[in-house]
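Visitor:
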């Protein structure tokens, strides 16, 4: 994951939500071109570096699985 020159304002809040019990999946939604992907990538990096938590990013518009339902 790339290093970022600036931190998205909500990255800390998202990391906190993901690390406090009960740990639950979080959904990041909003208008196009507002920094959602950067926010999630920064959060994944923070989780790995600061907490040793491995994370995975899956975009809803481009799923990784080749077993898609048609």
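In the numbering used here, the protein residues as written are 39 to 108.
Ideal placement from N, C-alpha and C gives every residue a C-beta, glycine not left out.
For a quick check, are the C-beta atoms of residue 64 and residue 77 less than 8 Å apart?
Guide: No.
Visitor: So, helix, strand or coil for residue 108, using DSSP?
Guide: Here residue 108 scores only 47 on pLDDT, less than 50, and its place in the model is too uncertain to base an answer on.
Visitor: Ignore the nearest five residues each way along the sequence and tell me which others in residue 95's own chain have a CB closer than 7 Å to its CB.
Guide: So the list reads 78, 79, 82, once near-sequence residues are dropped.
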